Every structure is written in structure tokens, then in C-alpha cells.
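Participant:
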Amino acid sequence: MNRNEAIKRIKPHLTKERYEHTLRVADTAIELAGVYGESEEKAQLAALFHDYAKYRPIEELKHWIIKSNLPKDLLDYHHELWHGPVGSILIEYEHGIQDSIIKNAIYYHTTGRAYMNKLDMILFVADYIEPGRDFPGLEEVRRIAKKDLIKTAWMVSRNTINYLMSRNNTVYPDSFYAYNYLTRKIKRKDGLNG
Ligand code: DGI
Ligand code: FE
Ligand code: FE
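According to numbering that gives the first Met the number 0, the sequence shown is numbered sequentially starting from 0.
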């Protein structure tokens, strides 16, 4: 599916702000794919569909979690977490996208996961650093994104968990699995243990 076709399919499902966010995530993801040797086509398609399910009614998201083989513990966590996993199902069901690399990147774009691959990290990072975002410490993350994808994904994971915990929010296990995986990967590279 090319860019124009994908845009035609996502636009009716997004608000104007979310649509513009999505285009910026796509441009950022393509840029990162270029730097880190990932398929720009896959990065673009994953990014264009990443928030596809964001505006489905909560009851519909819940229905998909119950009826599909998605983990039921998602229902114990904030509904903001549901649009990635459900989106990965809907893009196949409604648009025939079967590429598991793309589907996984969308599935895990909010939390990350253990053993995240390059496209997972690219989408996870692009969603966080796209030019419309403004978080504390974001400039530093954008700077590192130009030279170290794993370190950047680790910063995004750490910042997100810190933010959630500072607000006494729950944290989905995959977010911790991502953080632990990326931390170990960085320490191993630096020759450290633990
Ligand atoms: O969909 P976006 O707004 O572009 O961004 P997103 O999919 O990364 O994040 C959606 C929301 O989910 C955001 O407000 C932060 C929140 N979030 C991220 N990780 C976790 C989380 N919420 C909970 N409860 N637990 C998490 O692990
Ligand atoms: Fe999202
Ligand atoms: Fe997003």
C-alpha cells in the first residue's frame, strides 16, 4: 500500500490534530529508518496506521480485546493502552495488512516490549519525538535519536515510566519489560552487569 492510499484510509478515522500528528510521526519514522537501515516503506506504513484505533469507542476496543486472542489483562489497565493492540488487529481485518513486523510495531507503540526490534523502536521513538511534541527533556532525546536508537528508545521508555509513576498511574508490564530489556542491552554494550 502506498502513502496516498494509506492516508485515504486513515484520515476518516482521525481528528485533524491526530491526523497531523500521524503525518509528523511518519516523516520522523522515515528519517529514523534512513539513519538506522530499516525499510522506509515499512516505517511509513506502520507510522501512518499507528493511531488508527485511537478514536474507536471504548466499548468497541473492549469488544475486540474480549473476542480476539489479545491478553485480557489489558482490561485491567487504562483504555489509552488499548488502541495499539486493537489497531494491529483492525489494520489486518479492515485493510488486509498482514506484515507481522508492521503489526507488531503498531501493537507495541505505546508501551514497547522486551526484545523490541528495529521497527518497534523506530515507531516508539518517532511517536515521542515528532516535532509537534513538547515534553520536559525532549531536546536531549531528539539529539540522541540522531546517533543511538537503542539509547533513545531506553530514554523514551524511562521517561514514560517516570512520568506515569510521578502521577501515581499504573504501568503495564510490557512497559517494564521494554525498560529492562533496553537497560540490559545498553549495559552489556558498556561492559556492565545488572
Ligand atoms: O497515542 P499517542 O497519544 O500518540 O501516544 P501513545 O500511544 O504513546 O500514548 C498514549 C497514552 O498512554 C499516553 O498518555 C501515555 C500512556 N501510557 C504509556 N505507557 C503506559 C501508559 N499508560 C499506562 N496506564 N500504562 C503504561 O504503561
Ligand atoms: Fe498511540
Ligand atoms: Fe501517536
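Don't be surprised by glycine CBs; every beta carbon is placed ideally from N, CA and C.
In this text, all values refer to a predicted model and were calculated from it rather than measured experimentally.
According to DSSP, is residue 51 helix, strand or coil?
Facilitator: Here residue 51 refers to the residue found at position 52 of the sequence shown. In this structure, residue 51 counts as coil in the three-state DSSP scheme.
Participant: Report the residue from 182, 94, 23 whose alpha carbon sits nearest the alpha carbon of residue 46.
Facilitator: Within the sequence shown, numbered from 1, the residue matching residue 46 stands at position 47. Selected option, being the one with the closest Cα: 23.
Participant: Between residue 27 and ligand 1, is there a pair consisting of the residue's CB and a ligand heavy atom that are separated by less than 6 Å?
Facilitator: Position 28 of the sequence shown, counted from the start, is the residue given in the question as residue 27. Outside the cutoff, so no.
Participant: Cα separation between residue 117 and residue 107?
Facilitator: If you number the sequence shown from 1, residue 117 lands on position 118. If you number the sequence shown from 1, residue 107 lands on position 108. Between residue 117 and residue 107, the C-alpha separation is close to 12 Å.
Participant: Closer than 5 Å is what we want: which residues have a beta carbon that near any heavy atom of ligand 3? List them in chain order.
Facilitator: Qualifying residues, in the order they occur: 50, 126.
Participant: Return the chain-ordered list of same chain residues with a C-beta closer than 7 Å to the C-beta of residue 171, the five sequence neighbours on each side being excluded.
Facilitator: For the purposes of this step, residue 171 is taken as the residue at position 172 of the sequence shown. Result list for residue 171: 76, 80, 110, in chain order.
Participant: What does the alpha-carbon distance come out to for the pair residue 97 and residue 91?
Facilitator: One-based indexing of the sequence shown puts residue 97 at position 98. One-based indexing of the sequence shown puts residue 91 at position 92. Going from the Cα of residue 97 to the Cα of residue 91 covers about 6 Å.
Participant: Within the continuous alpha helix (DSSP H) that includes residue 224, where are the two ends?
Facilitator: As shown, the chain starts at 0 and ends at 193. That puts residue 224 outside it, with no answer to give.
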